[in-house]
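Under full-length UniProt numbering, the first residue of the sequence shown carries the number 1, and numbering increases by one thereafter. We put the CB at the ideal spot given by N, CA and C, even for glycine. Note that the structure is a prediction, hence the values are computed from the model and not measured. These notes concern the structure reproduced below.
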Amino acid sequence: MSGIDHSEKICKKDVEKNQVISYHDYFWLLIITRGFIVCLAAICVYHVDLLQRLVERSWDLLLSSWVFNSVYFETWFTTFTYAVIIHTYPVALRKIPALQRFKIHSKVDIANLSPQVQLIQEAVWYVTPLMILDTFVVKKYCGVDPKIWIEKSNDWIQITRALPNKAPSVIQVIFQLVISILLYDAIFFFIHLILHKNLFLYKYVHAYHHDHGDINPFVTNQLTVSERLVLVLSANFCLKIFSSHPLTRTIFVPIFVFLLIDNHTGYDLPIGLHRLVPFDIIGGPVKHTAHHTQGSRCYQPFLTYLDKLLDKGIIKV
């Protein structure tokens, strides 16, 4: 793949090359943040009954909303979530002077925002194919009587979703979120690897995502229609295979979108998720920036174990 795989250096070397500050200076900040998260988790476990009541009340409230009942809700909500995060998180990074030292490359500039017209065009390209699917495909959620699915399948056009009356348990939500993200991470690693190693697929499906100067958050959605559909349908498959509750699916969206945008910010924050989780388990913006810079390795969206197996030759390409 000459011309596509610009370098076969492993991304770890790229990361070491780009780090120009000592993160040992932020050791205690990292420890304190980890401690805070552990304490917060312990409080949540202790008050799990309170959380369960909150989940149930939230579900009852959502069920009473016509927007949430619409077949287009997930498409609309994903678009809205992306628009909110892309215009807040990266801008906040740029506006705080103390954070500029954590740029992976000095040329990273979030000021180069996409024009509003381009953003609207991207939204239309994203929403249109998904809304077509929403209109004609019956959504089947676990906890709904299959007889309702049969009744809905008699209608050519879908307007509302058949949703379960019962709210999920807190444990159910957490499990479905974690396992769905882990499965997506593994599935998209292989999809991503194939897109890079197959010249035809790279040129006509994936090259557009790498057609940029310095990495910036708006590269997140710089995708061909086919690649965007693969990404969305892969995430949907991972949620569906574990019978994820619609509430879980709703919570999944902002987490998933944030992780994707964070990967493209070009900032290596001292308390970023990839540093909060020890043992180099999560790649984060550092390794994803290395992927965009070098064009090889670091194919896994979030974790690193499959890339390590690839580097060791255990996974063959």
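Under a three-way DSSP split, which group does residue i fall into?
i    : result
T160 : strand
L269 : coil
A287 : The question names Ala, but residue 287 in the sequence shown is Lys. Residue state, collapsed to three classes: helix.
I282 : strand
C298 : coil
L223 : coil
K240 : helix
I215 : coil
K316 : coil
V277 : coil
Y202 : helix
Y23  : helix
E16  : Because E16 sits at a pLDDT of 45, beneath the cut-off of 50, its placement in the model cannot be relied upon, and the following sentence gives the value as read from the coordinates. Residue state, collapsed to three classes: helix.
S65  : coil
Y82  : helix
K139 : coil
L310 : helix
Buried or exposed: residue i, going by 16 or more other Cβ atoms within 10 Å of its Cβ?
i    : result
H105 : exposed
P301 : buried
T304 : buried
N165 : exposed
V173 : buried
G284 : buried
A162 : buried
A83  : exposed
D25  : exposed
I282 : buried
W28  : exposed
T265 : buried
F73  : buried
E16  : Note on E16: pLDDT 45, under 50, position unreliable in the model; the coordinate value appears next. When all chains shown are included, E16 counts as exposed.
T293 : buried
K312 : exposed
D307 : buried
P97  : exposed
K147 : exposed
I241 : exposed
Alpha carbon to alpha carbon, what distance is there between residue j and residue i?
i           : j    : result
S65         : T135 : 19 Å
L276        : D268 : 12 Å
I159        : V71  : 6 Å
Q176        : T248 : 7 Å
I157        : Q118 : 30 Å
V257        : T220 : 9 Å
I37         : I31  : 10 Å
H212        : F102 : 21 Å
L61         : Q52  : 14 Å
Y23         : C39  : 24 Å
T263        : S169 : Note on residue identity: the sequence assigns Asn, not Thr, to residue 263. Those two C-alpha atoms are separated by around 30 Å.
D14         : L54  : Residue confidence is low: D14 scores 49 on pLDDT, short of 50, so the model does not pin down where it sits. No coordinate-derived value is stated.
A92         : I86  : 10 Å
A290        : K152 : 47 Å
E8          : Y184 : Only weak support is given to the placement of E8: the predicted model assigns it a pLDDT of 38, under 50, and the value that follows is read from those uncertain coordinates. In a straight line, the C-alpha of E8 is about 25 Å away from that of Y184.
V317        : I43  : 46 Å
I255        : T79  : 13 Å
N198        : F189 : 14 Å
V205        : H47  : 47 Å
P217        : A167 : 35 Å
L130        : F279 : 38 Å
A41         : D155 : 45 Å
H245        : L50  : 20 Å
residue 322 : V124 : The requested residue 322 is not part of the displayed model; the chain covers only 1 to 317.
L99         : I150 : 54 Å
For the alpha helix (DSSP H) that residue i lies in, which residues bound it at each end?
i           : result
residue 318 : Any answer about residue 318 is impossible in this case: the structure gives the chain only from 1 up to 317.
V108        : Premise fails: V108 is in no alpha helix (DSSP H) and is neither H nor E.
G35         : F27 to Y46
A167        : Unbroken run through A167: none, as it is neither H nor E.
L247        : P246 to N263
R94         : Y89 to K95
L119        : Q116 to F136
Based on the DSSP secondary-structure assignment, which residues constitute the bridge partners of residue i?
i    : result
S70  : T160
L303 : I282
Would you say residue i reaches chain C, if we count a Cβ-Cβ gap shorter than 8 Å as a contact?
i    : result
S180 : Reference to chain C is not applicable here, since this structure consists of a single protein chain.
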